[in-house]
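Residue numbers (the numbering used here), protein chains in the order written: chain S, 1274 to 1472; chain F, 1274 to 1472.
Glycine included, each C-beta is placed from N, C-alpha and C at the ideal position.
Fair warning: this is a prediction, and the values are worked out from it, not measured in the lab.
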DNA sequence: TTGGAGTAGTTAACACCGTTAACCAAATAT
DNA sequence: ATATTTGGTTAACGGTGTTAACTACTCCAA
């Protein structure tokens, strides 16, 4: 993945940082170049265009997110516990690496429309893991979910809502952040565990 | 709200349509103006700048969404039924008015960062209604939810995930759309109704 | 040792962008 | 009849992504 080039990596670092600080709109190739102390066109030596630069950033973040969740959840053998671990890891990653997490969603609308579908699917390893975990729980008879694919997607959306409201500081002032996170995770998890068949 | 001006309305219509067709990135004041057969600067007679134009579009859409949900759900007196109605209405609106629905979320990241917070809160009437409905259900003892404010937000996020995966045609080819929607709604609703105390 | 071929960058230019300033003509009010 | 407001215009500024053409520098073969 990393093509072993210092300037290329530097451009990615600067872009990620600027994106997080000032948002997408004010991110320009020329500004990136200036900060890297290089001419604007040099960026094109390493990235086809602005879209591709952004896509690389997204891909990198999704990869990190996937790896993080996998490294936490894969070792867990019990299905229910792995289910919980995936959810917890997703939220943890978002809160611990806001710079990377936000890129996945912040860039979306415009650049994402041109994001190659196949890459989109390929990078969703963590999602696949969640689906598999739910499916196995169902097979084992410890969970009762009709459509794991749907359920997993819903969970994903829900978790994103939780993480983003915290990161964007849109949390109602009456609500304690830590408690909000705990409660939300609990809400998601319990929504499924209630359906667990008691052995 | 509508300031009774034909050109102003035309600009909004064109913008909304162009935004839906070609996305945010390729939306420019000059293109809007050209399509309205007017000089680019004329837009500034009715909108302070591009941001304000977008914000007006968002506000309008959120207003429509809120009205739609309210008109469907307010007449329903039974709390549980109203709860279901709100959820169903949200999804229906998204699928029936994709042009308006997508604006609410498509524009977000860049322009949304500058969207005045107070307006943001003011327009969330439908959300408030959902919170109120859950709270009343809890008071009436027919639902058991610790933090209605959190729960409502989670539901919102989850529903958005459902609607957007359909609108963006990101649905896995194995899955039937109609069934996906029904199942998802059921999943959300059941997640709460399971907690209903049987009288 | 020379010279040709990459390599890693440069400058100049194009077409487009949001926005401002200055202007103008027609409608309206005094 | 004249002043003011309304609803537009053109010209210009500084910024944008991207392309084309160029330039140094390194490396390798004859």
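Minimum C-alpha distance to residue i - residue among the options
i, options, result
"residue 1389 of chain F", "F:1354, F:1331, F:1337 and F:1356", "F:1331"
"residue 1324 of chain F", "F:1372, F:1301 and F:1440", "F:1301"
"residue 1344 of chain S", "S:1362, S:1425 and S:1356", "S:1362"
"residue 1333 of chain F", "F:1278, F:1377 and F:1465", "F:1377"
"residue 1397 of chain F", "F:1459, F:1422 and F:1435", "F:1422"
"residue 1429 of chain F", "F:1444, F:1359 and F:1336", "F:1359"
"residue 1335 of chain F", "F:1399, F:1287 and F:1364", "F:1399"
"residue 1433 of chain F", "F:1311, F:1364 and F:1442", "F:1364"
"residue 1338 of chain S", "S:1286, S:1402 and S:1315", "S:1402"
Residue i CB to nearest heavy atom of the ligand HEM below 6 Å
i, result
"residue 1453 of chain F", "This structure does not include the ligand HEM; it has no bound ligands of any sort."
For residue i, three-class secondary structure by DSSP
i, result
"residue 1312 of chain F", "coil"
"residue 1330 of chain F", "helix"
"residue 1324 of chain S", "helix"
"residue 1345 of chain S", "helix"
"residue 1433 of chain S", "helix"
"residue 1352 of chain S", "helix"
"residue 1446 of chain F", "coil"
"residue 1469 of chain F", "Unreliable positioning characterises residue 1469 of chain F in this predicted model, as indicated by a pLDDT of 49, which lies under 50. The coordinate reading is nonetheless provided below. In this structure, residue 1469 of chain F counts as coil in the three-state DSSP scheme."
"residue 1301 of chain S", "coil"
"residue 1399 of chain S", "helix"
"residue 1405 of chain F", "helix"
"residue 1459 of chain F", "helix"
"residue 1289 of chain F", "helix"
"residue 1274 of chain F", "Confidence is the limiting factor: at residue 1274 of chain F the pLDDT is only 47, short of 50, which leaves the residue's position unreliable, though a coordinate-based value still follows. Residue 1274 of chain F falls in the coil class under three-state DSSP."
"residue 1280 of chain F", "helix"
"residue 1419 of chain S", "coil"
"residue 1389 of chain F", "coil"
"residue 1413 of chain F", "coil"
"residue 1464 of chain F", "helix"
"residue 1317 of chain S", "helix"
"residue 1296 of chain F", "coil"
Same chain only: Cβ atoms within 8 Å of residue i, ignoring 5 sequence neighbours per side
i, result
"residue 1440 of chain S", "1367, 1368, 1371, 1374 and 1375"
"residue 1411 of chain F", "1417, 1418 and 1421"
"residue 1426 of chain F", "1400"
"residue 1471 of chain F", "The predicted model places residue 1471 of chain F with a pLDDT of 43, which falls under 50 and marks its position as unreliable, so this point remains unresolved."
"residue 1404 of chain S", "1421, 1422 and 1425"
Own chain partners of residue i with C-beta closer than 6 Å, once the 5 adjacent residues on each side are dropped
i, result
"residue 1278 of chain F", "none"
"residue 1387 of chain F", "1324"
"residue 1274 of chain F", "Any reading at residue 1274 of chain F is ruled out, since the residue's pLDDT is 47, under 50, leaving its predicted position unreliable."
"residue 1348 of chain S", "none"
"residue 1291 of chain F", "1300"
"residue 1442 of chain F", "none"
Close-in-space but distant-in-sequence residues of the same chain around residue i (CB under 7 Å, 5 per side omitted)
i, result
"residue 1313 of chain F", "1302, 1303 and 1306"
"residue 1424 of chain S", "1407 and 1418"
"residue 1457 of chain S", "1435"
"residue 1449 of chain F", "none"
"residue 1444 of chain F", "1438, 1450 and 1453"
"residue 1329 of chain S", "1285 and 1320"
Proximity below 7 Å, CB of residue i to CB of residue j
i, j, result
"residue 1355 of chain S", "residue 1346 of chain S", "yes"
"residue 1461 of chain S", "residue 1357 of chain S", "no"
"residue 1281 of chain S", "residue 1317 of chain S", "no"
"residue 1309 of chain F", "residue 1284 of chain F", "yes"
"residue 1298 of chain S", "residue 1431 of chain F", "no"
"residue 1464 of chain F", "residue 1464 of chain S", "yes"
"residue 1409 of chain S", "residue 1322 of chain S", "no"
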